[in-house]
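In this note's numbering, the protein residues as written are 14 to 249.
Written out below as structure tokens is the structure these notes cover.
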Ligand code: ADP
Ligand code: MG
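Below, the structure is given as structure tokens:
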């Protein structure tokens, strides 16, 4: 199967600090792939290399058959990457519906905005909050709204950096169910995640980073069963 995203030997250092060392990553169309690892492993740096926020010192990144290693972030978005960063950045003074409206307008040639708004509100479970200022939504609801705004671009790949950060257990579970529903509808997803029970809930395949390097990769069942992975998580 042809990969949707493939990173080869990607590296990034800050000063003398090698945050990402020779990392390979492959995302297959239709999968939920989680990039995991303990704090400081280099996950967020790798994520930022994929979205074009950082430039790699070495290596190559292909997306949808094109070399995007040096492409600007907006060019990656135009090619079909949609990004949700860790902190919610919804327009707090606009209603939930208007936030989705603004996001839907970013995609040229849409003539079904009202119908898409309804579809997204229902998918996100935010129908009853449509008129509410987004700043008054709970933290979890703001994160869902932002996932909705990322979906408004009809991406080929949805990239999520710690989608459950700061969420309650119940919100975390609901976020997992939302992500699985998107995947059932055909969305390919890469999530950077720290919370292993969440990863267990959603992931098909996992890449584990540790100290800037790929430590392990494979199917979720195999990663869960790998004692070496449990050990780095426990800081042994
Ligand atoms: P993770 O997301 O897995 O917790 P990060 O990618 O955020 O890991 O960080 C990996 C390492 O790189 C850490 O030691 C961190 O301090 C360092 N680092 C990350 N971003 C920067 C930066 N912009 N400048 C300097 N050091 C950084
Ligand atoms: Mg991080």
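Each residue gets a CB set at the ideal place from its N, CA and C atoms; glycine is no exception.
Here residue 142 is actually not in contact with residue 180; their C-beta atoms are around 17 angstroms apart, not less than 8 angstroms. For residue 20, the uninterrupted beta strand (DSSP E) run begins and ends at 18 to 27, by DSSP. Note on residue 27: under 16 other CB atoms within 10 angstroms of its CB, so exposed under the neighbour-count rule. The three-state reading of DSSP puts residue 230 in strand, counting E and B together. Judged by DSSP secondary structure, residue 222 falls within the beta strand (DSSP E) whose first and last residues are 218 to 223. Looking at the backbone, the Cα of residue 245 and that of residue 236 are separated by about 12 angstroms. In the three-state DSSP reduction, residue 206 falls in the coil class, being neither helix nor strand. The residue from 85, 77 and 78 with its alpha-carbon nearest to that of residue 69 is 85. Its chain contains 64, 76, 168, 170 and 172 as the residues whose beta carbon lies nearer than 7 angstroms to that of residue 94, once the 5 sequence neighbours on both sides are disregarded; these appear in chain order. Taken atom to atom, the span from the alpha-carbon of residue 82 to that of residue 34 is near 16 angstroms. For residue 219, the shortest C-beta to heavy atom distance toward the ligand ADP is 8 angstroms or greater.
Note on geometry: alpha-carbon atoms of residue 127 and residue 49 lie some 37 angstroms from one another.
Contiguous beta strand (DSSP E) elements confined to the region 24 to 53 occur at 30 to 40 and 45 to 49, taking only those with 3 or more residues. Within the model, the alpha-carbon separation for residue 17 versus residue 89 is close to 13 angstroms.
When the five nearest sequence neighbours on each side are left out, the beta carbons in the same chain lying within less than 8 angstroms of the beta carbon of residue 108 are those of 143, 144, 145, 146 and 147, in order along the chain. Taken atom to atom, the span from the alpha-carbon of residue 30 to that of residue 131 is near 47 angstroms. Near the ligand MG, meaning a Cβ closer than 6 angstroms to any of its heavy atoms, lie the following residues in chain order: 56 and 57.
Residue pairing from DSSP places residue 172 in a beta bridge opposite 96 and 203. For the options 217, 115 and 67, the alpha carbon positioned closest to that of residue 193 is the one of 217. Counting the other Cβ atoms within 10 Å of the Cβ of residue 119 gives fewer than 16, which makes it exposed.
No residue range can be given for residue 81, since it is assigned to no alpha helix (DSSP H) and is classified by DSSP as neither H nor E.
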